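Novice: Each residue of the sequence shown is one higher than the one before, counting from 8 in my numbering.
The structure that follows is given in the form of structure tokens.
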Amino acid sequence: NYHLSKNMNFIGLGGRGGGLSEKIAVKRRWVHPISNKIPLDQAALIEPLSVGHHAFVRSGAKAGDIALVGGAGPIGLLLSAILKAKGLKVIITELSAKRKEKAKESGVADYILDPSEVDVVSEVMKITNGDGVDVAFECSSVN
8 NYHLSKNMNF
18 IGLGGRGGGL
28 SEKIAVKRRW
38 VHPISNKIPL
48 DQAALIEPLS
58 VGHHAFVRSG
68 AKAGDIALVG
78 GAGPIGLLLS
88 AILKAKGLKV
98 IITELSAKRK
108 EKAKESGVAD
118 YILDPSEVDV
128 VSEVMKITNG
138 DGVDVAFECS
148 SVN
């Protein structure tokens with residue numbers, strides 16, 4: 008549970024500098040070999056995909072549940088893809104027109120709600136026949 012530590016620190020956070028340089032020194036623990044058969048643009052998605060998968064596993068969500076995902080950025084979209092693959096109904100909330108379009112194009116959401124246009128709580132209650140969602144994920148990364 009290192010991710011729950013008050014002293015949690017990783018590349019790009021807490022003064023260690025970012026990982027977007029040509030070279031960086033890290034502990035062996037953080038190095039994961041990637042097959043040459045995986046294009047780098049796809050390999051770059053492994054980390055945000057694993058963040059979404061970790062959230063899904065910890066949530067206890069299961070097929071048939073209804074999930075609310077706040078944010079359609081990379082992590083929100085990848086998490087939503089996992090949720091759909093696991094048999095959940097997915098409702099995404101997103102303000103950005105570009106990200107709403109990505110959510111629509113990718114097919115990872117059953118519903119896409121814009122909080123600046125609709126009352127999200129009312130819409131969710133309509134969609135779920137008054138039951139609400141079974142699980143919610145915050146993926147907007149907005150302070």
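Built from N, CA and C at the ideal position, the CB exists for glycine as well.
Since the model is a prediction, treat every value here as computed from it, not as a measurement.
Enumerate in chain order the residues of its own chain whose CB-to-CB distance from Leu120 is below 6 Å, with the five nearest sequence positions on each side excluded.
Specialist: The residues are Thr100, Val127 and Glu130.
Novice: Run through the DSSP bridge pairs and tell me what Phe63 is partnered with.
Specialist: Note: Phe63 sits in no beta bridge, so no partner.
Novice: Quick check on Lys13: does DSSP put it in helix, strand or coil?
Specialist: DSSP places Lys13 in coil when its eight states are reduced to three.
Novice: Three-state secondary structure (DSSP) at Val38?
Specialist: Reduced to three states, the DSSP call for Val38 is coil.
Novice: Closer than 8 Å is the cut-off here; do at least three beta carbon pairs connect the region 70 to 86 with the region 137 to 148?
Specialist: Segments in contact, yes.
Novice: Tell me where the alpha helix (DSSP H) around Gly83 begins and ends.
Specialist: Segment Pro81 to Ala92, the alpha helix (DSSP H) holding Gly83.
Novice: Quick one, are the C-beta atoms of Leu86 and Gly59 less than 8 Å apart?
Specialist: Yes, the pair counts as a contact, with Cβ atoms nearer than the cut-off.
Novice: Judging by CA-CA distance, which residue of Gly83, Ser123 and Leu102 is the nearest neighbour of Pro55?
Specialist: Closest option to Pro55, Cα to Cα, is Gly83.
Novice: Would a C-beta distance cut-off of 8 Å place Gly77 and Glu124 closer than the cut-off?
Specialist: No, the pair does not count as a contact, with Cβ atoms beyond the cut-off.
Novice: Secondary structure at Val131, three-state DSSP: helix, strand or coil?
Specialist: Three-state result, Val131: helix.
Novice: Taking the C-alpha atoms as reference points, what is the distance between Glu1 and Ser103?
Specialist: The requested residue 1 does not occur in the structure, where the chain is confined to residues 8 to 150.
Novice: For Asp117 versus Ile98, is the C-beta distance shorter than 8 Å?
Specialist: Yes, Cβ-Cβ distance for Asp117 and Ile98 is below 8 Å.
Novice: Restricting to Cα atoms, I'd like to know which of Ile45, Ala79, Ser28 and Ala68 is closest to Arg106.
Specialist: Of the candidates Ile45, Ala79, Ser28 and Ala68, the one whose C-alpha sits nearest the C-alpha of Arg106 is Ala79.
Novice: With DSSP collapsed to three states, give me the class of Glu145.
Specialist: Correct three-state label for Glu145: strand.
Novice: Name the one or two DSSP bridge partners that Gly77 has.
Specialist: Paired residues: Thr100 and Glu145.
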